[in-house]
Amino acid sequence: MIDPQDLSVESRAAVSHLRAILDHAFEFIGILDVTGKLLEINVSALTFAGISREQVIGQSFVDTPWWRWSPEQQAKLTAGIERAARNEFVRYEACHRGADGHLEPIDFSLSPVADRSGTVTHLVAEGRRDGDRQQLERELRARAVDLEAARLTADTANQSKSEFLAAASHDLRQPLQTIALVHAILVRIVKDQTAASQLHSLAEAVRSMENLLSALLDVNRLESGAIEPRVQVFALEQILAPIRSDLSIAAADKQLRLDIPVCRESARTDPRLLEVILRNLVSNAIKYTRQGTVTVLTETSDEGLRIQVIDTGIGIAAEHRERLFDDFYQIDNPSRDKRRGVGLGLGIVRRISALLSLPVQVQSELGRGSTFSVSVPRAMPVIAAAAAPAISDTGRQRALQARRDLTILHIEDDPSVAASLKILLDLEGYTVRQADSAEQALQRVRDERLCPDLIITDYQLPHGVTGDEIVAKITAQLGHRPPTILLTGDISKQHLQAIGQSVDRILEKPADIEALLEAIETLTHI
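Counting along the sequence shown from 1, when you hit position 235 you're at 235 in the numbering used here, and nothing is skipped either side.
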């Protein structure tokens with residue numbers, strides 16, 4: 001830093017003269033030493049940043065307000081100072097943030113100043129923002145900088161949204177898992193036929209809720225490319241039957257006829273996501289049909305299958321069709337009546353249809369109804385598996401005894417899920433030991449000499465520990481890894497790769513109870 005008090009009268013006069021010259025310059029001008037420390041700066045640069053000379057003189061130029069708003073700009077300046085200190089002239093387009101927060105494109109340069117021996121002693125930093133040469137290009141560059149800043153903000157927001165959805169996924173799936181377990185328990189102990197029929201309806205409702213929740217949470221991950229659709233061959237009736245069952249009540253409440261004939265065709269796509277598309281289309285048709293019929297027909301052609309949702313509703317005017325699949329856009333609901341939904345259904349249809357490459361077409365006539373068509377790849381019909389032979393009483397007793405001889409370690413911190421699964425496994429004849437944390441699970445193995453034949457663990461455990469991590473610790477303690485089933489709400493490709501081969505089965509929460517019991521039998525060789 002040049003301090004006039006440390007100089008002679010002549011030198012002080014020279015410094016004052018230098019400052020006067022710098023301060024009268026329109027451009028931003030500063031003087032640095034070869035390490036990049038700021039020795040002098042003119043008024044134009046200080047005024048632009050809204051700071052005083054005392055705030056920056058003696059600081060590293062890289063860390064001053066003109067640069068510290070952007071790590072990328074700082075890195076580029078650091079490299080430029082190193083080059084200029086080697087006696088190179090450096091010039092490039094930079095960007096400074098003004099006192100009001102706006103970004104200003106700058107024609108920036110660093111000029112080395114050498115002594116008589118050729119040694120570089122100082123660097124002159126200049127920034128020009130004149131309104132003449134290349135002004136249009138600079139405006140475009142400034143806009144690009146703003147867009148980049150907006151992109152970074154959006155990326156941060158998306159990351160926050162993803163983190164929120166991951167947390168919401170876990171919290172929402174837990175009560176659904178409890179309901180599914182309680183339902184499985186009731187099925188095993190309730191003998192009354194009327195109650196059994198109601199339990200079947202409950203199972204269908206829970207299944208629908210699970211599928212809708214999973215699909216909604218998956219859309220965010222699918223859009224980001226985090227997971228891939230699970231394409232498979234399946235009978236269309238597999239997804240049409242629950243839609244028929246679930247939405248017939250909503251149709252009957254409006255005195256509408258819901259006609260979904262039994263379908264014998266098979267398709268090749270993701271069944272759960274296709275069900276979400278069709279469920280939304282049928283639900284929308286019921287919502288906007290005041291009288292008449294909602295019909296789901298499946299047509300075959302050389303190109304594949306075309307599933308049509310046909311209604312006799314209000315129809316769609318031409319001016320609404322362009323925005324029909326926009327989020328939160330609703331026809332005939334200007335007061336935003338929440339009983340009419342929030343307007344996300346067709347937005348979800350748009351996302352999933354694009355993801356699965358399933359074209360959706362709309363034909364409509366105002367006052368006469370609408371037809372939404374989904375084109376789906378056709379597959380050879382799925383042949384139902386033959387019924388398994390009945391198990392004899394002797395075989396059943398042997399299986400029950402084999403289960404009693406097995407010990408399952410269940411690691412779950414949610415009390416309702418833990419209690420429900422223990423009751424279910426007790427009814428199935430298994431011996432169950434439970435732990436509500438990774439620490440308690442390890443204590444049971446280490447201190448209580450527990451050697452489980454199978455481990456069932458939640459992925460997200462207290463204190464930031466994951467299910468695969470505690471399995472690794474138990475494996476180290478036992479000297480071998482017991483067969484392991486991991487329950488998780490995140491089955492993204494990235495997540496599954498992170499878990500790797502540390503477990504034998506991964507079931508998405510809320511886990512299908514029959515799939516869970518089948519996995520236990522398979523892994524324990526019962």
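Beta carbons: idealized from backbone N, C-alpha and C, even for Gly.
> From what residue to what residue does the alpha helix (DSSP H) around isoleucine 239 run?
Replying inline: Walking along the sequence shown from the start, residue 239 turns up at place 239. In the DSSP assignment, isoleucine 239 falls within the alpha helix (DSSP H) that extends over 237-253.
> Are there 16 or more other CB atoms within 10 angstroms of the CB of cysteine 451, so buried, or fewer, so exposed?
Replying inline: One-based indexing of the sequence shown puts residue 451 at position 451. Burial state of cysteine 451 is exposed, judged by a 10 Å Cβ sphere holding fewer than 16 other Cβ atoms.
>> Here's a check: name, in chain order, each residue in its chain whose Cβ is nearer than 7 Å to the Cβ of cysteine 263, leaving out the five neighbours to either side.
In response: Translated into the one-based positions of the sequence shown, residue 263 becomes position 263. Only Leu236, Glu237, Leu240 and Thr298 meet the Cβ criterion.
> With distances taken from CA atoms, which of Arg257, Val145, Arg505 and Pro229 is nearest cysteine 95?
Replying inline: Counting from 1 along the sequence shown, the entry for residue 95 is found at position 95. Comparing Cα-Cα distances from cysteine 95 to each of Arg257, Val145, Arg505 and Pro229, the minimum goes to Val145.
>> According to DSSP, threonine 298 sits in a beta bridge with which residue or residues?
In response: Reading the sequence shown from its first residue, position 298 is the one you call residue 298. DSSP output for threonine 298 lists Ile307 as bridge partner(s).
> Buried or exposed: which applies to aspartate 132, given that a residue is buried once 16 or more other Cβ atoms fall within 10 Å of its Cβ?
Replying inline: On the sequence shown, residue 132 is found 132 positions in, with the first residue counted as 1. At aspartate 132 the pLDDT is 42, less than 50, meaning the model places this residue with poor confidence; the figure from the coordinates comes in the next sentence. That one is exposed.
> Taking the alpha-carbon positions, what's the isoleucine 81 to phenylalanine 108 distance?
Replying inline: One-based indexing of the sequence shown puts residue 81 at position 81. One-based indexing of the sequence shown puts residue 108 at position 108. Going by the C-alpha atoms only, they are around 12 Å apart.
> Which of the three DSSP states, helix, strand or coil, is assigned to histidine 525?
Replying inline: For the purposes of this step, residue 525 is taken as residue 525 along the sequence shown, with counting starting at 1. For histidine 525, the three-state secondary structure derived from DSSP is coil.
> Do three or more CB pairs link the stretch 439-451 to the stretch 473-483 at distances below 8 Å?
Replying inline: Yes, the stretch 439-451 touches the stretch 473-483.
>> So, for leucine 176: in the same chain, excluding its five sequence neighbours on each side, which residues have a beta-carbon less than 8 Å away from its beta-carbon?
In response: Indexing the sequence shown from 1 puts residue 176 at position 176. Here leucine 176 has Val206, Met209, Glu210, Leu213, Lys509 and Pro510 as same chain residues with Cβ atoms under 8 Å from its own Cβ, once five neighbours each way along the sequence are excluded.
> Is the CB-CB distance between serine 353 and isoleucine 260 below 8 Å?
Replying inline: As a working note, residue 353 is residue 353 in the sequence shown. As a working note, residue 260 is residue 260 in the sequence shown. No.
>> Looking at the secondary structure, which residues open and close the alpha helix (DSSP H) in which glutamate 27 lies?
In response: For the purposes of this step, residue 27 is identified with residue 27 of the sequence shown, where counting begins at 1. Counting along the chain, glutamate 27 falls outside any alpha helix (DSSP H), and DSSP gives it neither H nor E.
> Taking Cβ positions, are serine 370 and glycine 315 nearer each other than 8 Å?
Replying inline: Position 370 of the sequence shown, counted from the start, is the residue given in the question as residue 370. Position 315 of the sequence shown, counted from the start, is the residue given in the question as residue 315. Yes, they are a contact pair.
>> The alpha helix (DSSP H) that contains threonine 475, what's its start and end?
In response: Here residue 475 is taken as the residue at index 475 of the sequence shown, counted from 1. It spans 467-478 - the alpha helix (DSSP H) in which threonine 475 sits, taken as one unbroken run.
>> Let's see if you can read the secondary structure: which residues bound the alpha helix (DSSP H) around glycine 80?
In response: Your numbering for residue 80 matches position 80 in the sequence shown. In the DSSP annotation of this structure, the continuous segment of the alpha helix (DSSP H) that includes glycine 80 starts and ends at 71-85.
>> Once the 5 residues before and after alanine 388 are set aside, which same chain residues still bring their CB inside 7 Å of it?
In response: Here residue 388 refers to the residue found at position 388 when the sequence shown is read from its first residue. At alanine 388, the pLDDT of 49 sits below 50, so the modelled position is not reliable; the number obtained from the coordinates is stated separately. The beta carbon of alanine 388 lies closer than 7 Å to none in the same chain, with the five residues before and after it left out.
> Whose C-beta lies closer than 8 Å to the C-beta of glycine 367 among residues of the same chain, with five residues either side of it excluded?
Replying inline: Stepping through the sequence shown from its first residue, residue 367 is reached at position 367. Apart from sequence neighbours up to five positions away, the residues of its chain that approach glycine 367 with a beta-carbon distance below 8 Å are Ile314 and Gly315, ordered along the chain.
> Beta carbon of glutamate 27, beta carbon of glutamate 126: below 8 Å?
Replying inline: In the sequence shown, the residue the question calls residue 27 occupies position 27. In the sequence shown, the residue the question calls residue 126 occupies position 126. In contact: glutamate 27 and glutamate 126 (Cβ atoms closer than 8 Å).
>> Less than 7 Å between C-beta atoms, sequence neighbours within five positions excluded: which residues of the same chain meet that for lysine 338?
In response: Within the sequence shown, the letter at position 338 stands for residue 338. For lysine 338, the pLDDT reaches just 40, beneath the cut-off of 50, and the residue's location in the model is therefore unreliable, although a value from the coordinates is still provided. Contacts found: none.
> From Gly58, Arg446 and Ser437, pick the residue whose C-alpha is nearest to that of aspartate 468; which is it?
Replying inline: In the sequence shown, the residue the question calls residue 468 occupies position 468. Nearest of Gly58, Arg446 and Ser437 to aspartate 468, Cα basis: Ser437.
> Going by beta carbon distance, what residues of the same chain come within less than 7 Å of threonine 178, once the five residues before and after it are set aside?
Replying inline: The residue labelled residue 178 in the question sits at position 178 within the sequence shown. Spatial neighbours of threonine 178 in its own chain (CB-CB distance under 7 Å, excluding positions within 5 residues in sequence) are listed in chain order as Ser416, Val417 and Ser420.
> Is the Cβ-Cβ distance between threonine 289 and leucine 256 less than 8 Å?
Replying inline: Here residue 289 is taken as the residue at index 289 of the sequence shown, counted from 1. Here residue 256 is taken as the residue at index 256 of the sequence shown, counted from 1. Yes, they are a contact pair.
> Taking the alpha carbon of asparagine 280 as the point to measure from, which residue in Thr269, Val296, Ala267 and Gly292 has its own alpha carbon closest?
Replying inline: Start at 1 with the first residue of the sequence shown, and residue 280 comes out as number 280. Among Thr269, Val296, Ala267 and Gly292, the Cα nearest to that of asparagine 280 is on Val296.
> Apart from the five residues on each side of it in sequence, which residues of its chain come closer than 6 Å, Cβ to Cβ, to proline 359?
Replying inline: Here residue 359 corresponds to residue number 359 of the sequence shown, with the count starting at 1. Cβ contact annotation for proline 359 (same chain, cutoff 6 Å, sequence separation greater than five): Ser375, in chain order.
> From threonine 300 to glutamate 204, what distance separates their C-alpha atoms?
Replying inline: Along the sequence shown, one-based indexing puts residue 300 at 300. Along the sequence shown, one-based indexing puts residue 204 at 204. Between threonine 300 and glutamate 204, the C-alpha separation is close to 28 Å.
>> By the three-class DSSP mapping on this structure, what secondary structure does serine 109 have?
In response: Here residue 109 is taken as the residue at index 109 of the sequence shown, counted from 1. Secondary structure at serine 109: strand, using DSSP grouped into helix, strand and coil.
>> Report the CB separation of valine 231 from arginine 188 in whole angstroms; it is logged as a contact under 8 Å.
In response: Counting from one through the sequence shown, the residue named residue 231 turns up at place 231. Counting from one through the sequence shown, the residue named residue 188 turns up at place 188. With a Cβ gap of about 34 Å, valine 231 and arginine 188 do not count as contacting.
> Roughly how many angstroms lie between the CA atoms of aspartate 447 and histidine 183, to the nearest whole one?
Replying inline: Position 447 of the sequence shown, counted from the first residue, corresponds to residue 447. Position 183 of the sequence shown, counted from the first residue, corresponds to residue 183. Rounded to the nearest whole angstrom, the CA to CA distance from aspartate 447 to histidine 183 is 35 Å.
> Do glycine 36 and valine 62 have their C-beta atoms closer together than 8 Å?
Replying inline: Numbered from 1 along the sequence shown, position 36 holds the residue referred to as residue 36. Numbered from 1 along the sequence shown, position 62 holds the residue referred to as residue 62. Yes, the Cβ-Cβ distance between glycine 36 and valine 62 is below 8 Å.
>> Can you find the residues in the same chain that come closer than 6 Å, C-beta to C-beta, to alanine 519, ignoring five residues on each side of it along the sequence?
In response: Translated into positions along the sequence shown, residue 519 becomes position 519. Here the set comprises Ile485 and Arg505.
> How big is the Cα-Cα spacing for threonine 194 and arginine 272?
Replying inline: Taking the first residue of the sequence shown as 1, we reach residue 194 at position 194. Taking the first residue of the sequence shown as 1, we reach residue 272 at position 272. Roughly 30 Å separates the two Cα atoms.
> How many Å lie between arginine 116 and arginine 86 at the Cα?
Replying inline: Start at 1 with the first residue of the sequence shown, and residue 116 comes out as number 116. Start at 1 with the first residue of the sequence shown, and residue 86 comes out as number 86. Distance between the alpha carbons of arginine 116 and arginine 86 is about 16 Å.
> Cα-Cα, which of Glu319, Ala142, Leu305 and Thr524 is closest to glutamate 365?
Replying inline: Sequence index remark: in the sequence shown, residue 365 carries index 365 (1-based). Taking glutamate 365 as reference, the option from Glu319, Ala142, Leu305 and Thr524 with the minimal CA-CA separation is Glu319.
>> My output table needs one value for phenylalanine 543: the three-state DSSP class, helix, strand or coil.
In response: As displayed, the chain neither begins before 1 nor continues past 526, which places residue 543 out of reach and without an answer.
>> I'd like the span of the beta strand (DSSP E) that includes leucine 38, first residue to last.
In response: Here the question's residue 38 lines up with position 38 in the sequence shown. Secondary structure note for leucine 38: its beta strand (DSSP E) is the uninterrupted segment 38-41.
> What are the start and end residues of the beta strand (DSSP E) that includes leucine 123?
Replying inline: Here residue 123 is taken as the residue at index 123 of the sequence shown, counted from 1. For leucine 123, the enclosing beta strand (DSSP E) has its first and last residue at 120-128.
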